[in-house]
Every structure is written in structure tokens, then in C-alpha cells.
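As numbered in my numbering, residues 9 to 208 make up the sequence shown, in order.
Reviewing the structure listed below.
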Amino acid sequence: MISTSDSSPQRSLGTWMVLRGGLAVVFGLVTVFWPREQIGSPTNLNIAVTTVDVLLLAYLALHGVLVLAQGLRTQTDMRMPLLGQAVVVVPGIVFLLLADATGQLRAAIAVWAVLHGLIELWIWRTHRDERMSSDFLIVGGIHVLLGVVVLAGTEMNALSVLGFTGAAAMIAGVFSLVGGYSRRSCGRAGTVAGAEAEES
């Protein structure tokens, strides 16, 4: 049984996971349906570096705002890692603001994804004995893998960078949505159980 004292932080964490997961899934869908430029044939498509730059900037900025808000509102030991994740958005945004070539897009996403993923793995390590902690392991692993793939993809064009980032965001977002909903459900059940116990 979940105690009433544990249910509120779980519900709060679940709410933020749903918000962050929803943003990631929306971004992933945008990358799938964003119009491509046809070059030569229907199978040879591309997106301008400036367009990808704007899309990635928007996602990282919104993601950073959500993580910062979550960190500021969190009173548990997750506060510092979350604020750390907000901070590591800054170099990614700076790189993107200066980007005018695919290599700079790759560098921006690689730096952000690896640092974000490592902090997520740190959160998993400190909470690995708790239920549903594997969400942090999976999401952290996805981000680290994204960073490694993008960094190693020296032949990637702007479309490939956007595609890999969108795919990783969508997968991580789905796990965050499911994990967040589960935490909210458990927190709600704990609150009800605690209220019933107090009445009896």
C-alpha cells in the first residue's frame, strides 16, 4: 500500500513526466510530418539547415523551461538533477543559435543528449530501488544513444539529424507518458487509501 505521504510526490512527478512526454511526442510527430524538399526525385528529400535549426531550438527551449519549472517545484532529492538537466540545455541552445551547417546541428544535439541522458541515468541510479525506476534508465539510455549516433554520423544531413532526434524524442516521450500516468494513478490510489484508513 502506498502511504499518503508518498502519494503526493509521485503524483507530482507523474504530472511533470506527462507534460514532458507530451512535448516530446508532439515534437516527434512534427518531425515526421514536416514537409520535405524534393531534390531530383520523390525519394531524395531534404530539409534546410535553418529550418531544422529553428525546430530543434524550439524543442530544446520548451523542454528546458519544463525541466526548470519541475526542478524549481520539486522538494525531493531529484531537485538538483532536474536543475542540472535545465542547465545542460543552455550549451545546446547556444550551439544551435550559432549553427549554420549540419555539423553544428550534430554537435548541439550530441552535447545536449549525452549530458541530459547521463543525468537521467544518475536519477535512475539514486532511485533504482523504487518501483517504476526503469523509466529513468530507458529514457536516459535513449538520450545517450541519440547523442552517440548523431556524433558518430559524420555523413548525416540536416534531415537525418532531425529524424533521429525526433524518433528518440517520440520513444522517450511515450515511456514518460506511460510512466507519468502510472505514477499519477498510484498516487491517486494512495491518497484514497490513506483517506479511507483515516476514516476507519
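Beta carbons: idealized from backbone N, C-alpha and C, even for Gly.
**Item:** Cβ neighbour criterion (16 or more within 10 Å) applied to E138
**Value:** exposed
**Message:** What does the alpha-carbon distance come out to for the pair W130 and L80?
**Reply:** 19 Å
**Request:** Inspect the beta-carbon positions of R191 and Q18 and report whether they are closer than 8 Å.
**Result:** yes
**Alpha-carbon spacing of E204 relative to G100, whole angstroms** = Legend: pLDDT at E204 = 45, less than 50; position of this residue unreliable, value from coordinates given subsequently. Cα-Cα distance, rounded: 48 Å.
**Range of the contiguous alpha helix (DSSP H) that encloses R44** = Unbroken run through R44: none, as it is neither H nor E.
**Asked** Going by the beta-carbon positions, is the gap between G36 and G174 smaller than 8 Å?
**Response** yes
**Prompt:** Can you tell which of I55, L21, S16 and D108 has the C-alpha that lies nearest to the C-alpha of L167?
**Reply:** I55
**Message:** Taking contact to mean 3 or more Cβ pairs, one atom from each stretch, closer than 8 Å, check whether the region 171-185 and the region 150-157 are in contact.
**Reply:** yes
**Asked** Quick one: Cα of E163 to Cα of V169, how far?
**Response** 10 Å
**Request:** Please report the residue range of the alpha helix (DSSP H) in which R114 lies.
**Result:** T110 to T134
**Request:** Label R114 either buried or exposed according to how many other C-beta atoms from any shown protein chain fall within 10 Å of its C-beta, with 16 as the threshold for buried.
**Result:** buried
**Request:** Find the nearest neighbour of G125 within the set L145, L106 and S141, judged by alpha-carbon distance.
**Result:** L145
**Prompt:** The alpha helix (DSSP H) with V96 in it runs from where to where?
**Reply:** First-last for V96: undefined, no H or E at that position.
**Request:** May I ask which residues mark the beginning and end of the alpha helix (DSSP H) holding I150?
**Result:** S142 to A160
**Prompt:** When you compare only the Cα positions, how much space is there between S208 and S16?
**Reply:** Its pLDDT being 48, under 50, S208 is placed unreliably in this model, and the value from its coordinates should be taken loosely. Their backbone Cα atoms lie some 21 Å apart in a straight line.
**Message:** Alpha carbons only, please: which of T110, Q83, L27 and A116 is nearest the one belonging to V98?
**Reply:** A116
**Cα-Cα separation between V147 and V186, rounded to whole angstroms** = 12 Å
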